[in-house]
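Order-wise, the sequence lines are chains Y and S. Oh and the first sequence: position 227 is 227 in the numbering used here, straight run, nothing missing. In the numbering used here, each number is its position in the second sequence, counted from 1, plus 1000. From the three backbone atoms N, C-alpha and C, an ideal C-beta is built for every residue, glycine too. From a predicted model like this one, the values you see are computed outputs, not experimental measurements.
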Amino acid sequence: MNFLRFLRPPTIADLRSILKIGPTAWGIAICLLVAAAGAPFVATYPLTILIYLLVFAALAYSMNFITGLTGYVSFGHVVFMGLGAYGWGTVVGTLHWSPLGSVVIGGAVGLLLALGLGIVTLRFRGVYFAIASLVTALAAVNIVLATPALGGGQGIILNLGFEPLSWFYAVWVILAIEVGMTYWVTHGRIGYGLRAIKGDEDAAKTLGIDVTRLKLFVFSLSGLFAGAVGAVNAWTVSGVFPEAAFALLFSLLMLAMVIVGGSGTLLGPLVGAVVVYIPHTYFLTVASGAEFIVIGGLVTFIALVIPEGIVGSLRRYVPILQGILE
Amino acid sequence: MPDATAIVDQLVFGVVYGLLLGCVFALVAHGLNLIWGIAKVVNIAHGEFIMLGAYGAFFLNLGLGFNPLLSAAIDGVIGLGVGLAFYFGILHRELRGKEAMTPRSEMVTLVATFGLSLLIANAAKVAWKGDVVGIPWSAGSVSLGSLQIPTGGVYVAILSVVIIFLTHVFFTRTHLGLAIRAYGQDIPAAQLQGINPTFVSAVGTSLGFAVTMAGGAFLTVLFPTGINPYMGALYAPISYIIVVLGGPGKMWGSLVGGLTLGVILHVGQVFLEPSIAYAVAFLTLIPVLVFRPEGILR
């Protein structure tokens, strides 16, 4: 439990250093605060759009922990989201806990699952990890669909009220914690370790970095937040439905957002979420399926031409932005 | 207590049908295996090219009345062209001038083909609607004891093994095949022998696509009503598992992996619910990766 010493309580110096977090973090913090202050005054329809934008952003940050920071591409991230939703649905449905408090259960399920899966699959490198993550996700979907206690193919149907503001603040809190954690992880000792792993894992190991533990740490964080977001997402539709909770397209969207925005950066997942969310919402009503043509084309283009993503490329090609964006 | 002979019958059926299916799965995965072994690229859009092969068979049947076996040959020829386009459109940018596959290039090709898979699957959905379609073609069935085996399934299984055998002959007995394998093993050393790296990797990739698309047409014989734009999402993971089971780059690996997976799937369905059988078949990948990362074959 060596890495837990990073989790010591903050000192005065720490609190003072919070003020010096840099323009990107300030910008995100101000945007989030404005959104939180303005949400009660927004009409229902724009608020729903905003809620799903935040859900997308929260998923992007969750994916960023593993794919962005370590370079491990996970195709099966929806499994954390889906089982987080099932954990939430079970607790709300059978124990009648409050939907808001039960979001924590969703996160806990995601965390435990990520720990369990990560111990096995994180030892595979590169494409082998990608394939193992995809296959475990598909297996989990098939097992859940055949489990009668979880409602089988029908899922868990709950009868909860329509409370967009609660959904909004739930996902807002998750997103704020994620941004904070991303900042904290990338600006500390762990960040150096993770960048070393992303650059060359064997060299990092030689330098004495405990690669297994670091990878497991960020993977669990990733699972925790994906599970919590899955719970909120299930709350917004008042139930857990297998096709929706385990839509493999969600994993692909998460990955697309991180790649488009710029993997491993602080601002990238937010930019990616906005860029992916606009065509996703626009085409959903116009021509279903067309949104993924746009997103897929964009991902292919970015991977081949500007692999650092939007934020990474702006940093590279616009010298003024180098000190500002991160 | 269920009847013992009924269970034996079901088991025999599971094994026989699993072997038939395994041969065709092996062919479908063989295309992935060739590209993985030669260019060291894992094509995430593999399933979408299987889907295109199946739709090719569907439209050839609809428009010209061709049977799937004939369509598979035409698909194969189309696949050669598609493979060339794929190589020069996507891989060439990344592989050109590289002496070995770096983890960075691996990620770039992984992500680029991932974007491509989203694009193709959904373009197919927009163009051909999401409906499940099928090919009304049946060659009757042969009876084996108390079992009824579809003759079409036997044909495609045999043809799949023949095609895998032919690629084996090509890669071990011909000059070009050996050159392609030399490229797959060590690019600088192959170049020293006068092998043009772009030419051989392009040929290898387009052969892989030809095999993949022909395999897609064969699948329509075993699953006559399963053609839809998202079928790639099922056959792509199956192909990855088969290739990893057999070992990437090993010619007979696809066949060994395919037969293993086919039998596990169908014998599993005798005792378990279908979705659990799929989960078990998928999870066989994990112990193989942990204990024999180089595949079952030595």
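Distance check between residue 1006/S and each of 1270/S, 1288/S, 1294/S and 1166/S places 1270/S closest, using alpha-carbon atoms only. By the criterion of a C-beta distance shorter than 7 Å, residue 1091/S is surrounded in its chain by 1039, 1041, 1109 and 1205, once the five residues flanking it on both sides are discounted.
Residue 322/Y carries a helical assignment under DSSP once its states are collapsed to helix, strand and coil.
By the rule that beta-carbons nearer than 9 Å mark a contact, residue 1290/S touches chain Y. Less than 9 Å divides the Cβ of residue 1031/S from the Cβ of residue 1208/S.
Membership of residue 1143/S in the beta strand (DSSP E) is indicated by the continuous run 1141-1144. DSSP places residue 1149/S in the uninterrupted beta strand (DSSP E) bounded by 1147-1150. For the 9 Å CB-CB criterion, residue 1066/S and residue 1074/S form a contact.
Taking a Cβ-Cβ cut-off of 8 Å, the neighbours of residue 1240/S in chain Y comprise 131, 134 and 135, given in sequence order. Boundaries for residue 154/Y: no alpha helix (DSSP H) harbours it, and the DSSP string shows neither H nor E there. DSSP, reduced to helix, strand and coil, places residue 1135/S outside both helices and strands of the structure shown, so it counts as coil. DSSP places residue 1044/S outside any alpha helix (DSSP H), giving it a letter other than H or E. Across the structure, residue 1228/S and residue 228/Y are spaced so that their CA atoms are roughly 33 Å apart.
Rounded to the nearest angstrom, the gap between the Cα atoms of residue 322/Y and residue 265/Y is 12 Å.
Sorting 1128/S, 1217/S and 1223/S by C-alpha distance to the C-alpha of residue 287/Y places 1128/S at the top. Interface annotation, residue 1116/S: in contact with chain Y, CB-CB separation under 9 Å.
Judged by their CB atoms, residue 1029/S and residue 1216/S are not nearer to each other than the 9 Å cut-off. Secondary structure at residue 240/Y: strand, using DSSP grouped into helix, strand and coil. A distance below 9 Å separates the beta carbons of residue 225/Y and residue 174/Y. For residue 1068/S, the enclosing alpha helix (DSSP H) begins and ends at 1068-1086.
It is roughly 35 Å from the alpha-carbon of residue 309/Y to the alpha-carbon of residue 102/Y. With respect to chain Y, the C-beta atom of residue 1286/S has a partner C-beta closer than 9 Å. Cβ-Cβ distances below 6 Å link residue 23/Y to 324 in the same chain, with the five nearest sequence neighbours on each side left out; the list follows chain order. Residues of chain Y with a Cβ closer than 8 Å to the Cβ of residue 1122/S are, in chain order, 289, 290, 291, 292, 293 and 296. Excluding sequence positions up to five before and after residue 1076/S, its CB lies within less than 6 Å of the CB of 1210 and 1214, all in the same chain and listed in chain order. Shown here, residue 1227/S sits in a strand according to DSSP, grouped into three states. DSSP, reduced to helix, strand and coil, places residue 1125/S within a helical segment of the structure shown. Residue 137/Y carries a helical assignment under DSSP once its states are collapsed to helix, strand and coil.
The C-alpha of residue 1101/S is placed about 14 Å away from the C-alpha of residue 200/Y.
Here residue 20/Y is exposed: its Cβ has fewer than 16 other Cβ atoms, across all protein chains shown, within 10 Å. If you check each beta-carbon in the segment 1123-1138 of chain S against every beta-carbon of chain Y, the ones closer than 7 Å belong to 1123, 1125 and 1126. Contact note: residue 142/Y reaches chain S through 1275, 1276, 1278 and 1279, using a C-beta cutoff of 7 Å and chain order. In the displayed model, residue 161/Y falls within coil according to three-state DSSP, outside both helix and strand. Secondary structure at residue 215/Y: helix, using DSSP grouped into helix, strand and coil. Closest in C-alpha terms to residue 1044/S, from the list 1020/S, 1144/S, 1105/S and 1115/S, comes 1115/S.
Residue contact with chain Y for residue 1028/S: absent (no Cβ-Cβ distance below 9 Å to any residue of chain Y).
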